[in-house]
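Undergrad:
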Amino acid sequence: MKKYEYTEKKDTRSGFGAGIAELGRTNPNVIALTADLAGSLKLDVFIKENPERFVQCGIAEANMIGVSAGLTIGGHIPFATTFANFATGRVYDQIRQSVAYSNKNVKICASHAGLTLGEDGATHQILEDLGMMKMLPNMTVINPCDYNQTKAATLAIAEHEGPVYLRFGRPVIPVFSPADQKFEIGKAWTVNEGKDVSIFCTGHLVWEAIKAGEMLAEEGIEADIINIHTIKPLDEEAILASVKKTGCAVSAEEHMINGGLGDSVAQVLARNYPAPLEYVGVHDTFGESATPDQLMQKYGLTADKIVEQVKKVMARK
Numbered sequence: 001m002k003k004y005e006y007t008e009k010k011d012t013r014s015g016f017g018a019g020i021a022e023l024g025r026t027n028p029n030v031i032a033l034t035a036d037l038a039g040s041l042k043l044d045v046f047i048k049e050n051p052e053r054f055v056q057c058g059i060a061e062a063n064m065i066g067v068s069a070g071l072t073i074g075g076h077i078p079f080a081t082t083f084a085n086f087a088t089g090r091v092y093d094q095i096r097q098s099v100a101y102s103n104k105n106v107k108i109c110a111s112h113a114g115l116t117l118g119e120d121g122a123t124h125q126i127l128e129d130l131g132m133m134k135m136l137p138n139m140t141v142i143n144p145c146d147y148n149q150t151k152a153a154t155l156a157i158a159e160h161e162g163p164v165y166l167r168f169g170r171p172v173i174p175v176f177s178p179a180d181q182k183f184e185i186g187k188a189w190t191v192n193e194g195k196d197v198s199i200f201c202t203g204h205l206v207w208e209a210i211k212a213g214e215m216l217a218e219e220g221i222e223a224d225i226i227n228i229h230t231i232k233p234l235d236e237e238a239i240l241a242s243v244k245k246t247g248c249a250v251s252a253e254e255h256m257i258n259g260g261l262g263d264s265v266a267q268v269l270a271r272n273y274p275a276p277l278e279y280v281g282v283h284d285t286f287g288e289s290a291t292p293d294q295l296m297q298k299y300g301l302t303a304d305k306i307v308e309q310v311k312k313v314m315a316r317k
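In terms of the UniProt record's numbering, the sequence shown opens at residue 1 and continues consecutively.
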């Protein structure tokens, strides 16, 4: 089993900030927009270096989406930035009609997603966004795992033609993926290879899956750990290849189990290769105010919970 170590922790939103700063230097068509959250979205460097390519829309997210759609007509590549709750729930109609339906080249970049927003509580902790966005035709949905992968994904979506939803978060987490990685949209990353169970994970839960894999290895269980950073288009080939090898699977995500990664994996298995599947995610409830660690523990988004679900699903083989 490959061991993953880290020397530092960084927030994934800072990976986005580093990525868009680099795009500001290399791609003159990139324009950054925000809804009164430039600091939170780590846009400071981009704004300092490219003040003429920054649009402060204020607390008017629906207008920001409309402006972004319009900018694409002139060949610009707008990166519309705000918190994930506002980037989806507040402006779903504008995204559906002006971006997805029209297949506009808008990049919706959403920070502070999931429970790890922490003390801001249930009103801001959106847990439905991946499901909402993956259901939209033409929309690509990406949920990277750490600082390096978020930076690489930010660079990659600028080269992709069409609407993108890029999701990232606020807390600092281990940086463990390669700094020089090339991000391939729609291509899963096999973090570790194993023969006993498949663990399909995304976002902040990838590191938890790695820790779970180490715990399982101590008990002689070899986990195939697959980072599904692209929720849509889904790497069905990687999912099927893994489950055909292991015979069972666990999905792990900082999202509602309804409509998230687990649902997508279940559909692939139901259509192609029926096999036992268990879920690690939030079960049909809103979040609450607490620290990120407290919330991850309470809602079972941990390595321990992944191990528990692995043993449960293996018993069903």
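Note that beta-carbon positions come from the ideal geometry of N, C-alpha and C, so glycine has one too.
Is it the case that the Cβ atoms of Pro-163 and Met-132 are separated by a distance below 8 angstroms?
TA: No.
Undergrad: Looking at the structure shown, is Ile-142 part of a helix, part of a strand, or coil, going by DSSP?
TA: Residue state, collapsed to three classes: strand.
Undergrad: Would Gln-309 be called buried (16 or more neighbouring beta carbons within 10 Å of its own) or exposed?
TA: Its Cβ being crowded by 16 or more others within 10 Å, Gln-309 is buried.
Undergrad: Quick check on Pro-233: buried or exposed, where buried means 16 or more other Cβ atoms within 10 Å of its Cβ?
TA: Counting Cβ neighbours within 10 Å, Pro-233 comes out exposed, since fewer than 16 surround it.
Undergrad: My assumption, with CB atoms under 8 angstroms, is that Lys-104 sits in contact with Thr-72. Please give the rounded CB distance.
TA: Sure, about 5 angstroms apart at Cβ, within 8 angstroms.
Undergrad: Whose CA, out of Ser-102, Leu-117, Gly-66, lies closest to the CA of Thr-12?
TA: Of Ser-102, Leu-117, Gly-66, the residue nearest in Cα terms is Leu-117.
Undergrad: For Pro-274, count the other beta carbons within 10 Å of its own beta carbon; 16 or more makes it buried, fewer makes it exposed. Which is it?
TA: The residue is exposed, with fewer than 16 neighbouring Cβ atoms inside 10 Å.
Undergrad: Would you call the CB atoms of Pro-137 and Val-106 closer than 8 angstroms?
TA: No, the pair does not count as a contact, with Cβ atoms beyond the cut-off.
Undergrad: What did DSSP end up calling Asn-272 once you bin it into helix, strand or coil?
TA: If DSSP states are grouped into helix, strand and coil, Asn-272 belongs with the helices.
Undergrad: Based on Cα-Cα distance, which residue from Asn-258, Val-91, Asn-85, Ile-157 lies nearest to Gly-114?
TA: Comparing Cα positions, the closest option is Asn-85.
Undergrad: With a floor of 3 residues, list each beta strand (DSSP E) that falls wholly inside the segment 64-89, ordered by position along the chain.
TA: The segment 64-89 contains these whole beta strand (DSSP E) runs: 77-83.
Undergrad: What is the rounded straight-line gap between the Cα of Thr-82 and the Cα of His-124?
TA: About 12 angstroms.
Undergrad: Starting from Met-135 and walking both ways along the beta strand (DSSP E), at which residues does that stretch end?
TA: Neither: Met-135 is in no beta strand (DSSP E) and is coded neither H nor E.
Undergrad: Can you name, in chain order, every residue of its own chain whose Cβ lies under 6 angstroms from the Cβ of Ile-221, other than the five neighbours on each side?
TA: Asp-196, listed in sequence order.
Undergrad: If you drop the 5 nearest sequence neighbours on each side, which residues of the same chain put their C-beta closer than 6 angstroms to that of Met-64?
TA: Answer for Met-64: Leu-33, Ala-35, Cys-57, Ala-80, listed in chain order.
Undergrad: Classify Asp-44 as buried or exposed, calling it buried when 16 or more other Cβ atoms lie within 10 Å of its own Cβ.
TA: Exposed, since its Cβ has fewer than 16 Cβ neighbours within 10 Å.
Undergrad: In the DSSP assignment, the beta strand (DSSP E) including Glu-253 goes from what residue to what residue?
TA: Per DSSP, Glu-253 belongs to the beta strand (DSSP E) from 249-256.
Undergrad: Does the distance from the C-beta atom of Ile-239 to that of Val-268 stay below 8 angstroms?
TA: Cβ distance < 8 angstroms, so Ile-239 and Val-268 count as in contact.
Undergrad: Which residues in the same chain as Thr-5 place their Cβ atom closer than 8 angstroms to its Cβ, once the five residues preceding and following it in sequence are excluded?
TA: The amino acid occupying residue 5 in the given sequence is Glu; Thr does not appear at that position. Cβ neighbours of Glu-5 beyond the five flanking positions: Phe-176.
Undergrad: So for Thr-291, helix, strand or coil by DSSP?
TA: It is coil, neither helix nor strand.
Undergrad: Could you name the residues of the same chain whose beta carbon sits closer than 8 angstroms to that of Val-272, not counting the 5 residues immediately before and after it, in chain order?
TA: Note on identity: in this sequence residue 272 is Asn, with Val being the wrong assignment. Answer for Asn-272: Glu-236, Leu-240, listed in chain order.
Undergrad: Can you check DSSP and say which residues form a bridge with residue 321?
TA: Residue 321 lies beyond the stretch modelled for the chain, which goes from 1 to 317, so this question has no answer here.
Undergrad: Would you kindly report the start and end of the unbroken alpha helix (DSSP H) that includes Gln-56?
TA: Run containing Gln-56: none in the alpha helix (DSSP H); it sits in the beta strand (DSSP E), 54-56.
Undergrad: Check each candidate in Ile-210, Thr-230, His-229, Ile-231 and name the one with the smallest Cα separation from Ala-223.
TA: Comparing Cα positions, the closest option is Ile-210.
Undergrad: Considering only the alpha carbon of each residue, which of Val-99, Glu-214, Lys-42, Ala-69 lies closest to Lys-10?
TA: The shortest C-alpha separation from Lys-10 is found at Lys-42.
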